[in-house]
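Novice: The structure that follows is given in the form of structure tokens.
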Amino acid sequence: MKAKFILTAVWWKFLLGGVLLFAQENIPPVSSTYFLKNCTLIPRPGETLKGQHILIKNGQIVDIGPGVKAPFDAQWIQADSFYVYAGFIDGYSNTGIPKQENKERPKVSTPGNPPNAVAGITPEVRASDMFSTSDKSVAEMRNAGFTLSHVVPRGLMLPGQSAVFILGDSNADKMLLQSSAAQNFQFEPQRGVFPSTIIGVMSKFRDLYRNAYQEGNQDMLFQKGTIGVERPDYSRELKSLYPITVRKQSLFVVTPQSKDIHRAMLLQNELQFQLVLAEVKQGWHYLQEIKKSKYPVFLSLDLPEEDKKDAKKEDKKELVQGLQIERDSFQIRRELAIRQYVQQAATFEKEGVEFGFSYLNTKPADIKKSIGRMVKAGLSEKAALRALTTYPAAILGVSHLAGTVEKGKLANLVVTDKPFFDEKSSIKMVFVEGKKYTPEQPSAKSEKKTEEKTGISGIWSYVLEAAGSVRKGKIYISGQDGQYKVEVSDDTQKEKKESGREVSFKDKTLKFHVITDLESAGKVDFQLQFLENKYEGTVSLSAFGSFPVKGERQSDPE
Amino acid sequence: MKSNVIYLLLFCSSMMTAQNAIIRNATVLTVTKGILPKTDILITGGKIARIGGSITPLPGYQVIDATDKYVLPGIIDAHSHIGLDVVNEATNPVTAEVNVGDALDPMDIAIYRALAGGVTVSHAMHGSANAIGGQCETIKHRYGAVNPDQLRMEGAPRTIKFALGENPIRVHGEGNKIIPNTRMGVEQVFREAFRQAQIYQKDWDDFKKGVRKKAPEYSLRMETLSDILKGNIIIHCHSYRADEILMLMRVLQDFNIKKVCFQHVNEGFKVAPELARFGATASVFADWWAYKFEVYYSTAYNAAILTRNGVTTSINSDSEELIRHLYHEAAKTQRYGDLSDEEALALITINPAKQLGIDDKVGSIEVGKDADLVIFEGHPLSVYAIPQKTIVDGVVLFDIDKDRADMRLDVQPGDKYPTFIDSGREMYDHSCMEGVSELLMEESYARYLRYKLGAGHQH
Chain A
1 MKAKFILTAV WWKFLLGGVL LFAQENIPPV SSTYFLKNCT LIPRPGETLK
51 GQHILIKNGQ IVDIGPGVKA PFDAQWIQAD SFYVYAGFID GYSNTGIPKQ
101 ENKERPKVST PGNPPNAVAG ITPEVRASDM FSTSDKSVAE MRNAGFTLSH
151 VVPRGLMLPG QSAVFILGDS NADKMLLQSS AAQNFQFEPQ RGVFPSTIIG
201 VMSKFRDLYR NAYQEGNQDM LFQKGTIGVE RPDYSRELKS LYPITVRKQS
251 LFVVTPQSKD IHRAMLLQNE LQFQLVLAEV KQGWHYLQEI KKSKYPVFLS
301 LDLPEEDKKD AKKEDKKELV QGLQIERDSF QIRRELAIRQ YVQQAATFEK
351 EGVEFGFSYL NTKPADIKKS IGRMVKAGLS EKAALRALTT YPAAILGVSH
401 LAGTVEKGKL ANLVVTDKPF FDEKSSIKMV FVEGKKYTPE QPSAKSEKKT
451 EEKTGISGIW SYVLEAAGSV RKGKIYISGQ DGQYKVEVSD DTQKEKKESG
501 REVSFKDKTL KFHVITDLES AGKVDFQLQF LENKYEGTVS LSAFGSFPVK
551 GERQSDPE
Chain V
1 MKSNVIYLLL FCSSMMTAQN AIIRNATVLT VTKGILPKTD ILITGGKIAR
51 IGGSITPLPG YQVIDATDKY VLPGIIDAHS HIGLDVVNEA TNPVTAEVNV
101 GDALDPMDIA IYRALAGGVT VSHAMHGSAN AIGGQCETIK HRYGAVNPDQ
151 LRMEGAPRTI KFALGENPIR VHGEGNKIIP NTRMGVEQVF REAFRQAQIY
201 QKDWDDFKKG VRKKAPEYSL RMETLSDILK GNIIIHCHSY RADEILMLMR
251 VLQDFNIKKV CFQHVNEGFK VAPELARFGA TASVFADWWA YKFEVYYSTA
301 YNAAILTRNG VTTSINSDSE ELIRHLYHEA AKTQRYGDLS DEEALALITI
351 NPAKQLGIDD KVGSIEVGKD ADLVIFEGHP LSVYAIPQKT IVDGVVLFDI
401 DKDRADMRLD VQPGDKYPTF IDSGREMYDH SCMEGVSELL MEESYARYLR
451 YKLGAGHQH
């Protein structure tokens, strides 16, 4: 405790200088009316209109057209070179659901008959009770152009009911659009208790489903006052599953591999629920069946990485000739497999099967790149945009509110500087229910060049986690060819810079220290490992140990 | 290298099409109708249409010359675990509701390797961790299929796995401190399960008659057990010791259940007359025992003694390695027990077909049966026998002349290892207890078991 106190005090003295200034964040915007002037509008997939003005007021699109006039209170956005799309809609993800820490495998006395919650059977759980707009995934998805998310709880076999949220930043209740969008199922057993395998999950689901139906019907009879029909045995799990058994709610099943799709269809054929296939990665084997049965589909954006070309050359010498031939032919088969995965969306389009995208295991920052790869592999931009907007809107039942840019719909817009599918385009603004967000613009390419030219010179951010608190600030580096000068400041008191001493730079590692004026702390050592436009490292205070620090390049040298 | 890939794609797509063929001039080992020298077999629509001399096929039939070669009915393995993603749901002593048919893996390379050993049908079984394990699936080795449904053998009766002795005791009694912790406990599990199923059945009958207004809770487990009581499911029971074999027959007698095949049944030779009297069948290893305590005592004469006592007997693999040379295993009964050629071959063809209830469709070369055939270079009971072509439903799915190095159907983007040698998969392990150790047991307990039992053979 004492150490922690002193440590905090040291930082206080060293970086804060004693005055804490709160960031001025929550000031309401001057006006909630925006006037986007003279943009190129893509109101729906396959349609482009030039020279359009868009008027947004109180979260709605109020007017669109070349002749629209701006009211006096509108904030003007000169959008001459901008492209405006309907805000993207995420068809299936865990956006806004905080990650749970890895729990120990539950210990139960009867592994054959565990409590439902232990077995991962929690259909009564609601995403709407768990969603948090402050979870970093919300801002990340928003920065990627998403304005609505179909959010499914994290969990196992039956993780719970999903909800549709607007990806704004007010409290979750305010952002909720649909509280019980769908029920959800995945072939994910809890290890060690029944059901612990796919076969267990399949049979347990059949049991639950039939009992949910039976109990629900019994309840209806009971409610009508049928003589001899007693009150059914209530169970929150069965009650939550009843709507899918009478087709009032659809069941999203996570089906990455072709065998998963087969299992989902097997259950659907037996039980006749409304099946939606989610997170499909290897769906081309069942295209005809999906087409025939008209199952809605969400294709995964989690694409396999391309093989690195130089991987072929790995330890070639050690292999006898026969094995080398095998390895080469394997290499071709694997490349073929990767191509099939990347081509999946194009294959679906060719076959006339519509689809949306799902994002269970996709980093928001990778979404654009993955879609780019799909487009390169033959997917039309129109179909890709449909998968980002109108298709999920239709399946989630929010077409009247979102999915296209039309008068009366939510003011959910994505504004880009080039056509979205242009590799070099970037998202300039995202409007979520009329509120403007400006994503940060990391442009990796130009920074890489900067690095070559100037090494690590420039202004870098830092985020330091020490003794339970997080400090942010900047590191100013100047000089070149390994001869650097370093200064450090804290964000809450930017003018006060401390100089780094004994600066050295070797193998992309920058070392220096600063001296605090607090005697007990003395030297503060920095050791930072740089990688392109990022770094990670440690900060050590002689008496208190080391703490992780990381940061990113903020700007080039002045 | 490109042409390699194109060839592969062509091969995969054309594989399932041809079903009309003629095998010319073969020595036909019918198993049930004697040996036919210099005989043709005409295959139409995947079925054996004619057997005889000098048959002229219609145009478009694939002609397969089998001069100086032997044709045997496709070998049938009454006990295997290939083509499955899951073998054991080892969390409860009774898991009658689970069905390995829900976890079929048509892309399992072991299917192709089994074909290379002449095996066209196998009984993909649940494991032996539970007293009453899951339902099994009789699969046809339709290599090349992607849809798991294509593996299912049409019209094959339902089967279920039971297990006696150390496995269920170890997993549940020692592992979780519940019944069964002894051999007596295993018997109790059976009796209790069937008794519950009778009550369940009565409750539903009462509900359907209107005697009872409220529907009983639906239970797929009880439904399945009821189906066993009704005689709709054949029991295949993992067993070793004679006393336990007698115990299960007594239990079944008490519940009026007739269809049972004892698997492994290493002490079957001690109770062969009793097995014959009950009408039970037996599926054994040729000469394999002493891999754990309860099976320390057996004999290579087991199959012969059972056969001579009138028990329908088969030889099985329970292994994706052994499945590749079941014909050698059958031949061992001639060294140990002097079985005739026909008797020895019946152990891997018509007898396992009877045990699976599919002997009206496969297991011998007869007109009207499925064209599941193996063409051998050398007599199949010779140590020099090598399968040349294996035919399922009239389609050649293994051809020794077209056997490339890499016959996998499903290479995934994340796959790292180009060869089987590199793959690290424990190919020669036996799979009855697959998935159990890592699933159920604490690591320390698993270590203890490995020490106690020796790694590997976990029957």
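Note that the protein sequences, when read in sequence, are chains A and V.
Heads up, the first sequence is in my numbering, so the first residue is 1 and it goes up one at a time.
Heads up, the second sequence is in my numbering, so the first residue is 1 and it goes up one at a time.
Every residue, glycine too, gets a C-beta built ideally from N, C-alpha and C.
Between which two residues does the beta strand (DSSP E) holding D490/A run?
Specialist: Residues Q483 to D490.
Novice: When the Cα atoms are used, what is the spatial distance from G473/A to Q493/A?
Specialist: Taking the straight line from one Cα to the other gives about 9 angstroms.
Novice: For L531/A, which beta-bridge partners are listed by DSSP?
Specialist: Partner(s): K534/A.
Novice: Taking three-plus beta-carbon pairs below 8 angstroms as touching, is the region 51 to 61 of chain V in contact with the region 25 to 40 of chain V?
Specialist: The region 51 to 61 of chain V, when compared against the region 25 to 40 of chain V, does touch it at the 8 angstroms Cβ threshold.
Novice: Does the CB of Y112/V have a neighbour CB from chain A at under 8 angstroms?
Specialist: No - not a single Cβ of chain A is within 8 angstroms of the one on Y112/V.
Novice: In the region 524 to 542 of chain A, which residues sit with their C-beta less than 7 angstroms from some C-beta in chain V, listed in chain order?
Specialist: Here the close residues number zero.
Novice: Does the distance from the CB of Y391/A to the CB of E354/A come in under 8 angstroms?
Specialist: Contact: yes.
Novice: For chain A, check one thing: does any of its Cβ atoms lie closer than 8 angstroms to the Cβ of A103/V?
Specialist: Yes - at least one Cβ of chain A is within 8 angstroms of the one on A103/V.
Novice: Taking Cβ positions only, does F330/A come closer than 8 angstroms to chain V?
Specialist: Answer yes: the Cβ-Cβ gap between F330/A and chain V drops below 8 angstroms somewhere.
Novice: Which bits of chain A does P229/V rub up against, with CB to CB less than 7 angstroms?
Specialist: Note that residue 229/V is Leu in the sequence shown, not Pro. Neighbours of L229/V on chain A: none; closest Cβ ~19 angstroms, over 7 angstroms.
Novice: Could one say the Cβ of G34/V lies closer than 8 angstroms to chain A's Cβ atoms, at least one of them?
Specialist: So, not an interface residue.
Novice: Is A144/A closer than 8 angstroms to I97/A when the C-beta atoms are compared?
Specialist: Result no, Cβ atoms of I97/A and A144/A do not sit closer than 8 angstroms.
Novice: So, for M107/V: in the same chain, excluding its five sequence neighbours on each side, which residues have a beta-carbon less than 6 angstroms away from its beta-carbon?
Specialist: Excluding residues within five positions, the ones whose Cβ falls inside 6 angstroms are L409 and D410.
Novice: Give me the Cβ distance between G551/A and I477/A, rounded to the nearest whole Å; I'm assuming they're in contact under 8 angstroms.
Specialist: That belief does not hold up - the Cβ atoms of G551/A and I477/A are roughly 11 angstroms apart, past 8 angstroms.
Novice: Determine the direct distance from the alpha carbon of G434/A to that of D80/A, and round the result to whole angstroms.
Specialist: Rounded to whole angstroms, D80/A to G434/A spans 20 angstroms at the Cα level.
Novice: Considering only residues of the same chain and omitting the five flanking positions on each side of I75/V, which have a CB-CB separation below 6 angstroms?
Specialist: For I75/V, where only same-chain residues beyond five positions count, the Cβ hits under 6 angstroms are G118, V119, L326 and I348.
Novice: Answer yes or no: does any C-beta atom of chain V fall closer than 8 angstroms to that of R142/A?
Specialist: Closer than 8 angstroms: no.
Novice: Any beta carbon from chain A within less than 8 angstroms of T159/V's own beta carbon?
Specialist: So, not an interface residue.
Novice: Quick one: is E166/V near chain A, going by C-beta distance under 8 angstroms?
Specialist: No - not a single Cβ of chain A is within 8 angstroms of the one on E166/V.
Novice: Using a 10 Å radius around the Cβ and a threshold of 16 neighbouring Cβ atoms, would you call W460/A buried or exposed?
Specialist: Looking at its Cβ environment, which holds 16 or more other Cβ atoms inside 10 Å, W460/A is buried.
Novice: Consult DSSP for S240/A and reduce its assignment to one of helix, strand or coil.
Specialist: S240/A falls in the helix class under three-state DSSP.
Novice: Can you confirm whether S293/A, when its beta carbon is compared against all beta carbons of chain V, has any partner nearer than 8 angstroms?
Specialist: S293/A does not count as touching chain V.
Novice: Can you pull the DSSP bridge partners for N184/A?
Specialist: Partner(s): G160/A and F252/A.
Novice: Grouping DSSP H, G and I as helix and E and B as strand, with all else coil, what is N143/A?
Specialist: DSSP places N143/A in helix when its eight states are reduced to three.
Novice: Between the C-alpha atoms of L225/V and I199/V, what's the straight-line distance to the nearest angstrom?
Specialist: Whole-angstrom Cα-Cα distance: 11 angstroms.
Novice: Compute the Euclidean distance between the alpha carbons of N92/V and V549/A, then round it to the nearest angstrom.
Specialist: N92/V and V549/A: Cα-Cα distance of roughly 49 angstroms.
Novice: Have a look at K270/V and L336/A and give me their C-alpha separation to the nearest angstrom.
Specialist: Rounded to whole angstroms, K270/V to L336/A spans 57 angstroms at the Cα level.
Novice: Along the region 328 to 352 of chain V, where does the CB come closer than 9 angstroms to a CB of chain B? Name the residues.
Specialist: Of the protein chains in the structure, A and V, none is chain B.
Novice: Quick check: what's the CA-CA separation for G456/V versus D206/V?
Specialist: For G456/V, the predicted model reports a pLDDT of 39, less than 50, meaning its position is unreliable and no value from the coordinates is stated.
Novice: Residues of chain A with CB under 7 angstroms from L151/V, in chain order?
Specialist: Correct list: empty, because the minimum Cβ distance to chain A is about 11 angstroms.
Novice: Kindly confirm or deny that the region 179 to 192 of chain A and the region 116 to 130 of chain A touch, where touching means at least three C-beta pairs closer than 8 angstroms.
Specialist: Because the criterion of three Cβ pairs below 8 angstroms is met, the region 179 to 192 of chain A and the region 116 to 130 of chain A touch.
Novice: Is Q344/A helix, strand or coil when you go by DSSP?
Specialist: Three-state DSSP puts Q344/A in a helix.
Novice: With H, G and I counted as helix, E and B as strand and the rest as coil, what does DSSP make of P37/V?
Specialist: DSSP places P37/V in strand when its eight states are reduced to three.
Novice: Figure out for me which residue from D203/V, Q355/V, G155/V and T312/V has the closest Cα to the Cα of I235/V.
Specialist: Per the Cα distances, Q355/V.
Novice: Using 8 angstroms as the threshold, is the C-beta distance between G83/V and I111/V below it?
Specialist: In contact: G83/V and I111/V (Cβ atoms closer than 8 angstroms).
Novice: Using only the alpha-carbon positions, how far apart do E174/V and N181/V sit?
Specialist: About 6 angstroms.
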